[in-house]
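What follows is a single structure, written as structure tokens, with notes after it.
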Amino acid sequence: MITNAEIAQTLRRVAAVFDVKDNDHFRTRAYQNAANAIENLTISARDLWEQGKLTEIPGVGPNIAGHLEEWFKTGKVRHFETEMKRVPAGMFALLGIRGVGPKIAYKIADKFKLDDEKTALKKVKELIVSGKLSSLPGFGEKLIHKIQTSIESAYVKEERMLLSEALPVSKEYLDYLLSLPDVIEAQPLGSLRRRVATVGDIDLAICTRKPKEAMGEALKYKEVGEVISTGESVSRVKLKSGHEIDIKLSHPGEWGSLLQHYTGSKLHNILLRSFAHERQLSLSEHGIKDQKTGNIINVKNEKSFYAHLGLSLIPPELREGEEELELAKKNKIPSLVELSDIKGDLHMHSDFEYETSHDLGRSSLSDVLDKARDLSYEYIGLADHNPKFQGLSIAHKKKVLDARKNKLLTQYREYEKRVKTRVPKLLIGLEIDIRKDGELALEEELISDLDYAIASIHSNFELSKAENTTRIIKALGHSKVVILGHPTGRMLNQRNSIEADWQAIIEFCKVNKKVLEVNGAPARLDLPDDLVKMAVRNGAKLCIDTDSHEVSQMDFMQFGVWTARRGWCTKSDVVNTLTFRDLQSVLRLS
DNA sequence: GCCGTTTTCGGCCCGACTGTTTTCAGTCG
Ligand SMILES: Nc1nc2c(ncn2[C@H]2C[C@H](O)[C@@H](COP(=O)(O)OP(=O)(O)OP(=O)(O)O)O2)c(=O)[nH]1
Ligand SMILES: [Mg+2]
Ligand SMILES: [Mg+2]
Ligand SMILES: [Zn+2]
Numbered sequence: 001m002i003t004n005a006e007i008a009q010t011l012r013r014v015a016a017v018f019d020v021k022d023n024d025h026f027r028t029r030a031y032q033n034a035a036n037a038i039e040n041l042t043i044s045a046r047d048l049w050e051q052g053k054l055t056e057i058p059g060v061g062p063n064i065a066g067h068l069e070e071w072f073k074t075g076k077v078r079h080f081e082t083e084m085k086r087v088p089a090g091m092f093a094l095l096g097i098r099g100v101g102p103k104i105a106y107k108i109a110d111k112f113k114l115d116d117e118k119t120a121l122k123k124v125k126e127l128i129v130s131g132k133l134s135s136l137p138g139f140g141e142k143l144i145h146k147i148q149t150s151i152e153s154a155y156v157k158e159e160r161m162l163l164s165e166a167l168p169v170s171k172e173y174l175d176y177l178l179s180l181p182d183v184i185e186a187q188p189l190g191s192l193r194r195r196v197a198t199v200g201d202i203d204l205a206i207c208t209r210k211p212k213e214a215m216g217e218a219l220k221y222k223e224v225g226e227v228i229s230t231g232e233s234v235s236r237v238k239l240k241s242g243h244e245i246d247i248k249l250s251h252p253g254e255w256g257s258l259l260q261h262y263t264g265s266k267l268h269n270i271l272l273r274s275f276a277h278e279r280q281l282s283l284s285e286h287g288i289k290d291q292k293t294g295n296i297i298n299v300k301n302e303k304s305f306y307a308h309l310g311l312s313l314i315p316p317e318l319r320e321g322e323e324e325l326e327l328a329k330k331n332k333i334p335s336l337v338e339l340s341d342i343k344g345d346l347h348m349h350s351d352f353e354y355e356t357s358h359d360l361g362r363s364s365l366s367d368v369l370d371k372a373r374d375l376s377y378e379y380i381g382l383a384d385h386n387p388k389f390q391g392l393s394i395a396h397k398k399k400v401l402d403a404r405k406n407k408l409l410t411q412y413r414e415y416e417k418r419v420k421t422r423v424p425k426l427l428i429g430l431e432i433d434i435r436k437d438g439e440l441a442l443e444e445e446l447i448s449d450l451d452y453a454i455a456s457i458h459s460n461f462e463l464s465k466a467e468n469t470t471r472i473i474k475a476l477g478h479s480k481v482v483i484l485g486h487p488t489g490r491m492l493n494q495r496n497s498i499e500a501d502w503q504a505i506i507e508f509c510k511v512n513k514k515v516l517e518v519n520g521a522p523a524r525l526d527l528p529d530d531l532v533k534m535a536v537r538n539g540a541k542l543c544i545d546t547d548s549h550e551v552s553q554m555d556f557m558q559f560g561v562w563t564a565r566r567g568w569c570t571k572s573d574v575v576n577t578l579t580f581r582d583l584q585s586v587l588r589l590s
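Residue numbers for the first sequence follow UniProt numbering, so the first one is 1 and each next one is one higher.
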């Protein structure tokens, strides 16, 4: 299996060869663009090749597509191999060092004949210790020290953090920044502002009339462990916690263009700048420059920045360099679902104790209802896991489920009596495992007594694409099963999405009026944004849930909404924006 | 190497910071 990540890595290596051997900057960039595009695909490039759609990937043209075809057919690409042989293989290992790019990596690998990728880093360390590296022209003391420390830290594997991890770290820093006298405004930008599921670094921006003072104060934040680089408008620090933070700074007059630039994404920026070029305008974080007169056009905020280009304001979640520019030109950016549109949460676990197949909730129904009232919900749905499938008699399971229902209803009536107003309606459902063969892990006669069922995969994640597709569709065929829970099963940084034919599953959901969950648990965010987009495009409905096991987790709804927004989801695509009456008909209860 | 409702040739986003160097290349965001 040739993965997208492997392809992207190889294309980057070939790009590096073109850079150092041919100094061909544009061909280098073409290969990098293709690498980025393939890395960001959700569907595997191999699948696209089988469908004859490789050149539909932006940045992949006939040449690269031809090379990839050779790779899929024969297992190797002669052209790539020839190109990569033009440099010592050790060079590629050095590219992973921060601050070391193709030029420096090549100089070292070439001079010291680093032919083995595996030993290259070790050899460089030895060359530093023996002082030989300083014999290279351009390798001063500081550069060598930088390489040395970068190699050390490169051994600590860095992965992207969850959005939920980045948010409190950034908030604490922002609270500090906003407390400074010279800081007019401060806010998170980059992937954090675009609400990407995982975040590489934390990008913060400061608006000030006194840049020097403000930057000086910003770097004095008590959690700063190390200042990596610092300048008048940009600094980079590493916190004691290990988080890396970019701080950018601008005058009030440039604030709008700074927000735009630093929110990204990179691809969005590049496309926007190319578009501006056609209008003789040049964009940067400093503003909009008229290329004929050289005048900088002043923009106060992002709205007027986009307006100057004839574009409507694009929500940060959509700024990924896909079709957002085309739609903004036509003023056709949809208005996306918002947290305040949500009228209930249908995937929560109660604290009822029984022989569960997985885990139990921890909060009382009374606490859950209090929180739901705070959130102005009209309804909530409790979807505990099905009882253990094996080892319990049907009679026992029935007893358990009846007891659960009775207890919850009794508690609910007591709550109604006590609180009286704005009590959210209660639905009693279950989250039922989809077994390997697509059967539900609960007997038919026990399912019929539920208000609704969520079907979820919790095992056998490694089944083939065809097997997963079949079992999901089979499970969704049950009349009580209306929602497919956390469809891909991914756990960010821990477990990949299952393989499945999402196009077919989405089509099935649309035709049969089934609903795909957008699970807002921060480690899931599942459906992922790109599949949300596929579902929305194809007219399938979504349900944004939290999967909460205790009251505080009901706030995960925001993460689900952000993920849905990144998938171009509007209010009308989401069933839990409906009134209770309309929701009941979606659940086939009326 | 990619790409095109002004182009199939001739462009390709733009700027900050660092280090080592007298004017800029390399790397990164
Ligand atoms: N115009 C332009 N802007 C860039 C470029 N690289 C980065 N930016 C802008 C857009 C990015 O969203 C922003 C922050 O850069 P980052 O490298 O932190 O990327 P981002 O936060 O989007 O993703 P991340 O999660 O940090 O990997 O800076 C570039 O090459 N050109
Ligand atoms: Mg970032
Ligand atoms: Mg950054
Ligand atoms: Zn689950």
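Cβ coordinates follow ideal geometry from the N, Cα and C atoms, glycine included.
A quick note: this is a predicted structure, and the numbers were derived from the prediction, not measured.
Along the chain, where does the beta strand (DSSP E) that runs through residue i open and close?
i	result
M557	Unbroken run through M557 is the alpha helix (DSSP H), 557 to 566; no beta strand (DSSP E).
G429	425 to 433
I184	183 to 189
I288	287 to 290
K248	244 to 250
D345	344 to 348
How long is the line joining the alpha carbons of residue i and residue j, rounded to whole angstroms?
i	j	result
T470	E507	13 angstroms
L392	E444	15 angstroms
Q51	N4	16 angstroms
T74	D115	25 angstroms
T563	G190	16 angstroms
G294	R29	28 angstroms
T10	G138	28 angstroms
G560	R12	33 angstroms
D290	K330	23 angstroms
K103	D19	8 angstroms
V77	I7	11 angstroms
L542	V518	7 angstroms
L133	S464	50 angstroms
E355	E550	19 angstroms
I144	K292	44 angstroms
S229	V237	7 angstroms
Can you give me the start and stop residues for the alpha helix (DSSP H) that residue i sits inside?
i	result
R236	It is not in any alpha helix (DSSP H) - R236 instead sits in the beta strand (DSSP E) that spans 234 to 239.
M84	78 to 84
I505	502 to 512
V17	4 to 17
Y379	It is not in any alpha helix (DSSP H) - Y379 instead sits in the beta strand (DSSP E) that spans 379 to 385.
residue 626	No statement about residue 626 is possible, as the shown extent of the chain runs from 1 to 590 and does not include it.
E414	394 to 419
L281	That residue, L281, is in no alpha helix (DSSP H); its beta strand (DSSP E) goes 281 to 284.
G66	62 to 74
V169	163 to 178
E39	25 to 39
Y354	No alpha helix (DSSP H) holds Y354; DSSP gives it neither H nor E.
Taking the alpha carbon of residue i as the reference point, which residue from the options has its own alpha carbon closest?
i	options	result
Y415	K125, D402, A372, T10	A372
residue 657	L174, L463, Q148	There is no way to answer for residue 657, as the model of the chain reaches only from 1 to 590.
I432	K21, F18, K212, L476	L476
R565	S448, V536, L589	V536
L257	K300, E278, V237	It is worth fixing the name first, because residue 257 is Ser in this sequence and not Leu. When each option's Cα is compared against that of S257, the closest is K300.
L339	G361, K571, V481, L369	K571
E81	A15, K142, H145, K107	A15
A197	S229, E159, K220	E159
M161	F580, R524, T579, T577	R524
G567	N512, R194, D359, A395	R194
Kindly list the residues whose CB is nearer than 7 angstroms to the CB of residue i, restricted to its own chain and excluding five residues on each side of it in sequence; keep chain order.
i	result
K111	L136
I472	I434, L484, A500, I505
S364	D351
S357	H385, N386, P387, K388, F389, D433, A441
Got a sec? Which residues, its chain only, sit under 8 angstroms from residue i by beta carbon, not counting five neighbours each side?
i	result
L204	S170, Y173, L174, L177, A186, Q187, P188, L189, I245, D246, I247, K248
E254	E285, H286, G287
Which same chain residues end up closer than 6 angstroms to residue i when comparing Cβ atoms and leaving out the 5 residues on each side of it in sequence?
i	result
R404	F352
| message | Counting beta carbon pairs with one atom in the stretch 525 to 537 and one in the stretch 280 to 291, are three or more of them shorter than 8 angstroms? | response | The stretch 280 to 291 makes no contact with the stretch 525 to 537: fewer than 3 CB pairs, one atom from each, lie closer than 8 angstroms.
| request: Mind the definition here: the stretch 345 to 355 touches the stretch 311 to 324 only if three or more C-beta pairs lie below 8 angstroms; say whether that holds. | output: Of all C-beta pairs linking the stretch 345 to 355 to the stretch 311 to 324, fewer than three are shorter than 8 angstroms, placing the two stretches out of contact.
| request: Inspect the CB distances between the stretch 548 to 560 and the stretch 315 to 333 and report whether three or more fall short of 8 angstroms. | output: At 8 angstroms Cβ cutoff, the stretches do not touch.
| request: May I ask you to verify whether the stretch 485 to 494 touches the stretch 453 to 460, counting CB pairs closer than 8 angstroms and requiring at least 3? | output: In short, these stretches touch, since the Cβ pair count reaches three.
| Given 8 angstroms, three or more beta-carbon pairs between the stretch 56 to 64 and the stretch 16 to 35 | Three or more pairs of CB atoms, one per stretch, sit closer than 8 angstroms, so the stretch 56 to 64 contacts the stretch 16 to 35.
| Would the stretch 409 to 429 and the stretch 371 to 386 be scored as touching if the rule is three or more Cβ pairs under 8 angstroms? | Judged by Cβ distances under 8 angstroms, the stretch 409 to 429 makes contact with the stretch 371 to 386, as three or more pairs qualify.
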